[in-house]
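Following this line, the structure appears as structure tokens:
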């Protein structure tokens with residue numbers, strides 16, 4: 011290659027090195043490859059050369075032209091990318107600004123716990139039944155083997171309406187109504203509001219209960235235990251439990267189920283009053299008198315029933331220390347769940 | 069009920085720890101709520117003898133004593149009490165002692181004199197509430213001995229909650245009987261009192277029962293020449309530990325018998341029983357009586373009274389009369405032990421609001437066989453502690469001897485119910501441990517129920533007894549081998565769950581308010597006259613809600629007063645509407661409440677408050693969840709701003725309404741203007757048939773979109789515009805919607821600019837502008853002509 015060509019190339023390369031923008035590269039292209047560019051000029055000047063020189067010289071210039079062309083294209087591409095990147099970077103917002111959203115709300119803690127409990131029983135093949143909240147005395151008491159003037163009525167101080175109807179004191183009447191409609195075998199739960207004349211930090215005149223009933227031809231107390239243990243383990247985790255004899259007019263035998271205190275793991279604390287146990291539900295084998303009231307064959311069918319207070323479980327689960335908080339609708343309380 | 073361990077030991081030799089006894093009772097169904105051991109936290113308190121008592125040099129009201137506690141040198145103690153003298157024995161809390169109040173004794177300087185302990189009162193030892201000076205101990209107390217031992221404070225007291233079916237367990241005998249069954253230990257007792265005495269009972273008193281249904285047995289015994297006075301220490305001690313105030317030896321004895329064997333008793337002043345005659349009868353219509361608590365009571369014929377020949381002297385099983393009560397002048401006493409009908413006692417006690425220890429036990433059933441035992445024991449005690457002379461014999465009015473109930477227990481049934489496999493003999497063994505009489509009949513066991521077990525009426529009751537003795541925790545665990553009938557969630561249940569999930573996900577907090585509301589709330593919050601409770605807890609909770617709106621208003625208001633302004637609440641629940649007469653209907657409702665910013669977390673428009681259309685949109689969307697078309701028309705509810713409210717209709721049924729709270733209810737300066745409340749009936753919505761979607765083919769041909777910007781005068785509304793668009797668009801109009809509305813700069817007063825987007829499509833071919841233009845022209849022409857709406 012002639013010295014002048016080598017110099018030309020060197021000159022190009024040193025100029026390209028200092029080109030920082032696509033515009034500068036474009037200027038270089040014009041300078042070398044443009045209509046009046048040096049390479050173009052030289053190519054135009056080839057005609058003035060003698061034919062034998064022309065060929066070799068032509069090849070040389072074309073080689074240089076290709077080199078410069080390719081070099082420019084590559085650089086152009088690289089720079090264009092860089093420039094776009096820089097332009098995009100310049101759009102950068104304040105990333106620390108908060109996202110735009112409607113924050114989700116909350117289910118009421120009582121409803122939330124009730125649904126958790128219901129889900130366990132529904133998965134075990136129970137169905138959900140309902141009944142009225144203003145109830146006939148018959149369904150709330152007599153059909154459940156609680157005659158008038160029985161001390162058992164004291165366990166549930168009742169609200170009366172002028173009509174003689176009552177605000178149901180328990181969800182158990184749902185059992186009666188369900189059995190009046192359906193024949194065994196059946197596994198039901200009932201969930202709803204109940205009312206008792208009582209108000210302090212652990213009692214509310216309105217609260218919620220979950221009721222359960224299983225009736226079939228071979229239902230025994232061992233089925234009661236197995237079912238409720240399965241529930242408790244899914245609700246509270248595997249932990250020690252016990253069944254204590256108790257009394258409910260509508261079951262015989264009757265029991266109360268305790269689990270090991272979830273706060274102190276049985277060591278004894280304020281919540282469990284030092285006993286290490288927490289009562290979670292009442293249960294028992296359906297009293298034959300209840301079956302008589304719904305005209306079930308007491309010899310053929312046996313069954314068990316259980317019931318629990320939802321507020322109590324919600325209070326234990328979320329560490330709520332005053333039942334009245336549940337019905338105050340205080341957003342500062344509600345949004346925690 | 070309180071039970072003393074030392075008292076139980078009158079009946080049973082039990083050496084288990086208090087904890088183990090409590091546990092056993094719990095597991096037998098007698099719930100032990102607390103085990104109290106008063107001496108447990110009383111250490112370093114001993115008997116001291118006051119050797120010397122002198123004045124404190126610097127304080128008139130204090131004395132300086134030298135007290136021997138049998139531990140070397142006597143202790144110098146400064147004391148503020150005045151009731152002691154030299155030679156008295158008193159409890160001394162030595163340095164390091166801790167008293168039940170938590171007070172710890174340390175060396176102290178009192179007015180410059182060092183004191184090495186404290187002499188104690190009953191109150192300071194935690195024995196009694198009275199604070200009348202130091203507790204002067206009996207002379208027999210040994211100096212230096214631990215006070216816990218001297219005062220019997222090593223007592224263990226069980227606080228037991230007895231279920232209403234177990235009247236038989238309301239005494240020390242009852243609990244001992246239970247423990248004897250649990251631990252399989254023999255039950256024993258001191259020889260019973262007898263009916264020996266002087267004279268003849270028939271000469272003293274006679275008893276007539278006129279109502280033998282209500283009083284199956286009445287026993288009377290007489291003791292003479294009683295010296296009414298304080299009870300001896302042992303008796304006072306037992307009663308006080310139970311928490312019963314000692315009154316005098318006669319009353320104390322009747323209380324003692326009740327706590328001991330569970331039979332309530334009454335003592336009359338024999339001299340005040342006129343005609344020497346007891347008549348058990350119904351009260352007369354306008355009879356009156358003053359009871360022991362000096363209250364004048366109006367009686368009625370539903371009440372059973374004990375009367376003498378003239379007037380009532382006691383309310384049977386509830387409370388004695390004031391006139392015939394034992395006083396310090398009383399000499400001769402008539403003791404009563406009887407059996408009364410539980411329902412009658414309960415009714416009387418309830419009507420007169422006078423529950424007593426006695427009525428409590430009669431309501432739960434007593435042991436008719438205990439009547440002579442109670443009388444004889446009482447006579448024996450009064451002879452021993454009050455110098456009384458019993459009269460021989462009991463006047464025992466017992467017209468119809470009670471027959472023991474027989475219950476058949478089938479082995480197969482026991483095993484079926486409990487889910488175990490016992491033999492008849494095993495079952496019999498358990499029943500025998502409970503002191504039940506049994507007889508085998510093949511595989512069956514016939515049980516004679518003792519008269520105190522009122523809870524054992526049928527086979528199931530005895531199965532429970534077997535299960536209790538077998539141990540609930542020994543019963544195996546299985547799962548029911550049945551498949552329930554299938555009952556799917558009701559449409560209402562499904563609807564409720566779906567709406568709940570939806571509302572929570574768009575930012576609503578669920579609330580639960582009471583189903584009862586104040587009687588005096590504004591009619592605007594009511595739909596109908598509400599049902600009233602006969603016995604409300606308070607005026608605030610006196611009527612049943614007929615709508616959820618008041619609860620929502622109250623919830624919003626209370627939060628706003630707490631400076632919480634941005635609220636979106638919902639409640640689901642039932643309302644109670646009276647229909648014909650006294651019958652009521654329950655309706656499931658949902659109520660929504662809105663206050664403050666509609667998008668509080670959106671910092672680009674966080675200041676925009678809720679308005680009618682945000683609320684309308686949320687309601688509309690609830691319908692959309694179920695494919696229900698809701699219609700909105702202006703509403704007329706007095707709770708709401710008259711112009712800012714709508715009524716919601718679904719398939720021609722009114723299903724609810726919503727609106728902005730009327731300014732008259734903004735009764736606090738803090739309450740913002742933009743508070744909205746909506747209420748929908750879920751039952752009505754759940755009744756609507758939700759169509760199952762049918763697929764429509766995805767269009768093959770392109771659509772043409774046209775926008776119309778219109779100048780709309782006040783007289784025209786959206787609905788009319790849309791109607792013309794839809795009319796003229798016909799089949800080719802696929803979609804149309806409002807996408808912008810503008811008022812203000814550049815728009816003439818009284819006009820709004822409204823922009824609609826129209827989409828046309830032909831499913832059979834590609835549409836051309838030429839086909840659409842005539843439609844647009846027609847729309848524009850009609851808008852101008854009919855509504856005075858022109859293109860902008």
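Residue numbers (the numbering used here), protein chains in the order written: chain H, 11 to 347; chain S, 69 to 860. C-beta atoms are modelled at their ideal positions from N, C-alpha and C, and glycine is treated no differently.
In chain A, which residues lie with their C-beta within 7 Å of the C-beta of residue i?
i	result
residue 236 of chain H	In the structure shown, chain A does not exist; the protein chains are H and S.
For residue i, decide whether its Cβ has a neighbour in chain H, counting only Cβ atoms nearer than 7 Å.
i	result
residue 738 of chain S	no
residue 553 of chain S	yes
residue 232 of chain S	yes
residue 411 of chain S	yes
residue 444 of chain S	no
Among the residues of its own chain, which have a CB less than 7 Å from the CB of residue i, if the five just before and after it don't count?
i	result
residue 197 of chain S	191
residue 448 of chain S	261
residue 680 of chain S	712, 728
residue 653 of chain S	645, 647
residue 81 of chain S	253
Considering only their Cβ atoms, is the gap separating residue j from residue i smaller than 7 Å?
i	j	result
residue 430 of chain S	residue 392 of chain S	no
residue 585 of chain S	residue 613 of chain S	yes
residue 79 of chain S	residue 257 of chain S	yes
residue 660 of chain S	residue 638 of chain S	yes
residue 137 of chain H	residue 216 of chain H	no
residue 269 of chain H	residue 249 of chain H	yes
residue 545 of chain S	residue 130 of chain H	no
residue 32 of chain H	residue 345 of chain H	no
residue 386 of chain S	residue 427 of chain S	yes
residue 819 of chain S	residue 779 of chain S	yes
residue 317 of chain S	residue 453 of chain S	yes
residue 240 of chain S	residue 76 of chain S	yes
residue 515 of chain S	residue 475 of chain S	yes
residue 715 of chain S	residue 723 of chain S	no
residue 634 of chain S	residue 677 of chain S	no
So, does the CB of residue i fall closer than 7 Å to a CB anywhere in chain S?
i	result
residue 332 of chain H	no
residue 233 of chain H	yes
residue 161 of chain H	yes
residue 143 of chain H	yes
residue 324 of chain H	no
residue 151 of chain H	no
Go through its chain and collect everything with a Cβ distance to residue i's Cβ below 8 Å, but skip five positions before and after it.
i	result
residue 290 of chain S	269, 272, 273, 338, 400, 401, 402, 403, 458, 459
residue 220 of chain S	74, 305
Starting from the C-beta of residue i, find all residues in its chain whose C-beta is less than 6 Å away, skip the five residues before and the five after it, and write them out in chain order.
i	result
residue 826 of chain S	774, 804
residue 112 of chain S	162, 164, 165
residue 224 of chain H	197, 313, 314
residue 147 of chain S	131, 133, 187
**Message:** Please list, in chain order, the residues of the segment 517–547 of chain S that have any C-beta partner in chain H closer than 9 Å.
**Reply:** 523, 526, 527, 528, 529, 531, 532, 533, 534, 535, 536, 540, 541, 543, 544, 545, 546, 547
**Prompt:** Looking at chain S, which residues of the segment 167–198 of chain H have a Cβ within less than 7 Å of any of its Cβ atoms?
**Reply:** 169, 170, 171, 172, 173, 192, 195, 196, 197
**Message:** Quick check on the DSSP output: what are the complete alpha helix (DSSP H) runs of length 4 or more inside the segment 259–331 of chain H, in order along the chain?
**Reply:** 298–303, 320–328
**Item:** Whole alpha helix (DSSP H) elements within the segment 135–201 of chain H, 4-residue minimum
**Value:** Scanning the segment 135–201 of chain H from its first residue to its last, the whole alpha helix (DSSP H) runs of 4-plus residues come out as 147–150, 183–191.
**Asked** Along the segment 96–122 of chain H, what residues have a CB closer than 7 Å to any CB found in chain S?
**Response** Of all residues in the segment 96–122 of chain H, 108, 110, 111, 112, 113, 114, 115, 116, 117, 118, 120, 121 have a Cβ within less than 7 Å of some Cβ in chain S.
**Members of the segment 202–228 of chain H near chain S, C-beta cut-off 7 Å** = 203, 207, 209, 215, 216, 224, 226, 228
**Message:** My parser needs the beta strand (DSSP E) runs of 3 or more residues fully inside the segment 306–365 of chain S; what are they?
**Reply:** 334–337, 345–350, 356–358
**Item:** Contained alpha helix (DSSP H) runs [length at least 4] in the segment 356–435 of chain S, N- to C-terminal order
**Value:** 410–419, 425–432
**Request:** Kindly provide the ranges of any beta strand (DSSP E) runs that are 3 or more residues long and lie completely inside the segment 784–834 of chain S, ordered along the chain.
**Result:** 801–810, 819–828
**Request:** Check distances from the C-beta atoms of the segment 249–261 of chain H to those of chain S and list, in chain order, the residues that come in under 7 Å.
**Result:** Flagged, chain order: 252, 253, 254, 255, 256, 257.
**Request:** May I ask you to list, following chain order, the residues of the segment 290–322 of chain H that have a beta carbon less than 7 Å from some beta carbon of chain S?
**Result:** 295, 297, 298, 312
**Message:** Beta carbons nearer than 8 Å to chain S: which residues of the segment 334–346 of chain H have them?
**Reply:** When C-beta distances to chain S are compared with 8 Å, the residues of the segment 334–346 of chain H below that value are 336, 337, 338, 339, 340, 341, 342, 344, 345, in chain order.
**Item:** Residues within the segment 613–633 of chain S neighbouring chain H, beta-carbon criterion of under 9 Å
**Value:** 619, 620, 622, 623, 624, 626, 627, 630, 632
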